[in-house]
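Working notes, beginning with the structure itself.
Chains as they are written, first to last, in the working numbering: chain G, 1 to 235; chain R, 1 to 235.
And the structure:
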C-alpha cells in the first residue's frame with residue numbers, strides 16, 4: 001500500500017521552498033509527527049545540516065518536526081522507524097551513490113512499499129523510477145549502479161522543459177535526450193513540469209497539479225496527459 | 001607530441017555541419033588522406049552508417065575520405081593504422097561505454113599521445129578530459145567507468161552556456177552544476193562556448209575561436225580567458 005508524492009521540483013518560480021505543495025503535504029503526512037529527511041543530494045554542495053535546516057523551516061509551517069538521516073548512527077534503523085520520509089533534490093548521482101554506500105536501497109523499498117508516507121522532489125523523485133537514466137543532473141560522482149527504487153513502473157524526468165524555439169544553442173532539447181534514452185531502454189518516461197507531481201496511493205498513480213505531463217513511450221510519439229490521469233497502466 | 005582539436009560543438013547556429021571549422025581542419029589533417037570516424041555517440045540515436053555519412057559529406061569539402069570504425073572487424077587495428085581520427089558528438093555515456101566495450105581507451109591514448117591528428121566535437125571532446133563527469137548529457141547507459149582519455153589535465157564542459165537571467169525554470173544553471181562538481185572533484189573545468197575549441201600541439205593548449213572560455217578551478221571564483229590563451233598550466 002504505497003503512499004508517495006513524486007514531485008518535479010521543491011520550489012516553483014517566485015515562491016518559497018515547498019510552499020506550493022504544503023497544503024497537500026499536511027494531509028499526506030497527517031499520521032507523522034516527525035519527518036525523516038534525507039539530505040544526501042546536497043544542492044549546490046551545501047552540507048547535510050544546512051540542507052536539513054531548509055527542510056525543517058518549511059515543515060514547521062505545517063507543524064512537523066524534521067530530523068536529518070545523517071544525525072543517526074544507524075541510517076537503516078532510522079528508515080525502519082520513520083513516520084514519514086522526505087528525499088530532497090540536488091544531484092541525483094550524489095544521492096544515489098550515498099544510498100548505495102549506506103545500503104539504504106532495500107530498506108527504503110521495503111518501507112515505501114508498506115505505506116510509509118514519502119515525498120520526493122527532483123532528485124528525490126528520480127530515484128522513485130526504475131533507473132536514474134533520465135536525470136538532468138551532471139554525473140559528478142560514479143555510483144555503483146544507475147538502478148533506482150523502482151517504486152513506479154517507469155522513469156521520471158523532473159523539471160521537464162519544453163524546447164525553447166528561439167534558442168540558438170545547439171545542445172540537445174530535453175525531448176531529444178529522452179528520445180535517445182529510448183534507443184537503449186524500453187521503459188516509459190514521465191516528463192513532470194515544475195508544479196506537477198505524481199500521487200501514488202496503493203496501485204493508483206495520479207498526475208496532480210495544474211499542468212499536463214509529457215509521456216514518452218518506446219516506439220511511440222510523445223503525448224500529453226491531463227491532471228487527474230491515472231498512469232498505473234504505463235509500463 | 002599531441003595534435004588535437006577539442007571543439008565545443010560540431011555545428012554553430014545557422015551553418016552546416018563542421019562548416020565553421022573546416023579551414024582549420026584542412027590544415028590540421030593535412031597529412032591524412034582518410035579520416036577514421038568514430039560514430040559511437042549516435043546523436044539522436046541515428047545509426048553508425050547514417051552518422052558516418054554526415055561526417056563523410058563534410059570532410060569531402062576539404063577533399064578527405066572518411067571511414068567509419070564500425071566497418072572494421074578489428075577496431076583496435078583501425079585506430080593503430082589511422083592517419084587521422086574524428087570522434088563526433090552525441091551521447092557521452094553511449095560513446096564512453098562503446099570505447100570501453102571495444103577496448104579502445106588505451107589504443108586511442110597511445111596513438112593520440114604520439115601525434116595522430118584528432119578532432120573531437122562535443123561528446124568527442126568530453127572524452128579528452130580526465131573524466132566525463134562534466135558532460136551535459138543524459139546518462140542513458142551505464143559505462144564501466146567515468147574515466148576518460150585524460151589527454152588534457154582538466155575536464156571539458158562543451159556547449160558551455162551562460163545563465164539565462166530571464167528564465168523562470170528552477171533547474172540548475174551550468175555554473176551551478178560545475179560548482180557542485182567541485183564539491184567532489186578537484187580538477188579544473190574548461191567551459192567551451194559553441195564556436196570555441198582547444199588546439200593541443202605538443203604541450204601547448206591554446207584557446208581558439210572568437211569567444212572567451214570560462215574556467216572553473218577548485219576553490220576559486222570562475223573566470224574568463226581570451227582566445228590565444230595557453231591553458232597548459234591549468235591542472
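For glycine and all other residues, C-beta sits at the position ideal for the given N, C-alpha and C.
Output the distance between the C-alpha atoms of residue i and residue j, rounded to the nearest integer angstrom.
i, j, result
"residue 235(R)", "residue 201(R)", "17 Å"
"residue 8(R)", "residue 113(R)", "21 Å"
"residue 48(R)", "residue 70(R)", "7 Å"
"residue 2(G)", "residue 230(R)", "57 Å"
"residue 175(R)", "residue 73(R)", "42 Å"
"residue 224(G)", "residue 80(G)", "37 Å"
"residue 28(G)", "residue 60(G)", "15 Å"
"residue 46(G)", "residue 53(G)", "11 Å"
"residue 93(R)", "residue 193(R)", "21 Å"
"residue 12(R)", "residue 58(R)", "14 Å"
"residue 6(G)", "residue 168(G)", "33 Å"
"residue 163(R)", "residue 215(R)", "15 Å"
"residue 26(G)", "residue 161(G)", "28 Å"
"residue 159(R)", "residue 63(G)", "45 Å"
"residue 140(G)", "residue 220(R)", "18 Å"
"residue 145(R)", "residue 120(R)", "20 Å"
"residue 95(R)", "residue 228(G)", "39 Å"
"residue 115(G)", "residue 136(G)", "28 Å"
"residue 183(G)", "residue 34(G)", "43 Å"
Give the interface partners of residue i over in chain G, defined as CB-CB distance under 9 Å, in chain order.
i, result
"residue 177(R)", "91, 137, 138, 140"
"residue 94(R)", "180, 183, 184"
Name the chain G residues that come within less than 8 Å of residue i, Cβ to Cβ?
i, result
"residue 12(R)", "170"
"residue 161(R)", "169, 171"
Which two residues bound the contiguous beta strand (DSSP E) that contains residue i?
i, result
"residue 118(G)", "118 to 121"
"residue 37(R)", "34 to 38"
"residue 6(G)", "3 to 7"
"residue 154(R)", "Here residue 154(R) belongs to no beta strand (DSSP E), and DSSP marks it neither H nor E."
"residue 208(G)", "204 to 208"
"residue 141(G)", "From DSSP, residue 141(G) is part of no beta strand (DSSP E); its letter is neither H nor E."
"residue 228(R)", "Segment: none, residue 228(R) is in no beta strand (DSSP E) and carries neither H nor E."
"residue 213(R)", "213 to 216"
"residue 86(G)", "85 to 87"
"residue 198(R)", "197 to 201"
Between which two residues does the alpha helix (DSSP H) carrying residue i extend?
i, result
"residue 99(G)", "92 to 101"
"residue 80(G)", "75 to 80"
"residue 174(G)", "174 to 181"
"residue 51(G)", "48 to 60"
"residue 27(R)", "22 to 28"
"residue 113(R)", "105 to 113"
What is the C-beta distance between residue i and residue j, in whole angstroms, given that I count them as a contact (C-beta under 8 Å)?
i, j, result
"residue 76(R)", "residue 39(R)", "Actually they are not in contact, since the Cβ atoms of residue 76(R) and residue 39(R) sit about 17 Å apart, beyond 8 Å."
"residue 90(R)", "residue 123(R)", "5 Å"
"residue 207(G)", "residue 198(G)", "6 Å"
"residue 134(G)", "residue 157(G)", "5 Å"
"residue 243(R)", "residue 117(R)", "This structure cannot speak to residue 243(R), because chain R is shown only from 1 to 235."
"residue 179(G)", "residue 44(R)", "7 Å"
"residue 67(G)", "residue 36(G)", "6 Å"
"residue 132(G)", "residue 148(G)", "5 Å"
"residue 88(R)", "residue 51(R)", "6 Å"
"residue 213(R)", "residue 190(R)", "6 Å"
How would you label residue i, buried or exposed, when you count the other beta carbons within 10 angstroms and need 16 or more for buried?
i, result
"residue 23(R)", "exposed"
"residue 41(G)", "buried"
"residue 20(R)", "buried"
"residue 138(G)", "buried"
"residue 172(G)", "buried"
"residue 152(R)", "buried"
"residue 14(R)", "exposed"
"residue 196(G)", "buried"
"residue 82(G)", "buried"
"residue 101(G)", "exposed"
"residue 218(R)", "exposed"
"residue 103(R)", "exposed"
"residue 97(G)", "buried"
"residue 110(R)", "exposed"
"residue 65(R)", "exposed"
"residue 126(G)", "buried"
"residue 155(G)", "buried"
"residue 10(G)", "buried"
"residue 204(R)", "exposed"
Who are the neighbours of residue i on chain G, taking C-beta pairs under 7 Å?
i, result
"residue 146(R)", "139, 142"
Say yes only if the C-beta of residue i is nearer than 7 Å to one or more non-hydrogen atoms of the ligand HEM, and no if none qualify.
i, result
"residue 148(R)", "With respect to the ligand HEM, the structure shown offers nothing to examine, as it has no ligands at all."
Going along chain R in order, which residues have a C-beta closer than 9 Å to the C-beta of residue i?
i, result
"residue 133(G)", "93, 138, 139, 140, 141, 142"
In chain R, which residues lie less than 8 Å from residue i when you measure between Cβ atoms?
i, result
"residue 194(G)", "169, 170"
In chain R, what lies closer than 7 Å to residue i by C-beta?
i, result
"residue 45(G)", "179, 180, 183"
"residue 9(G)", "170"
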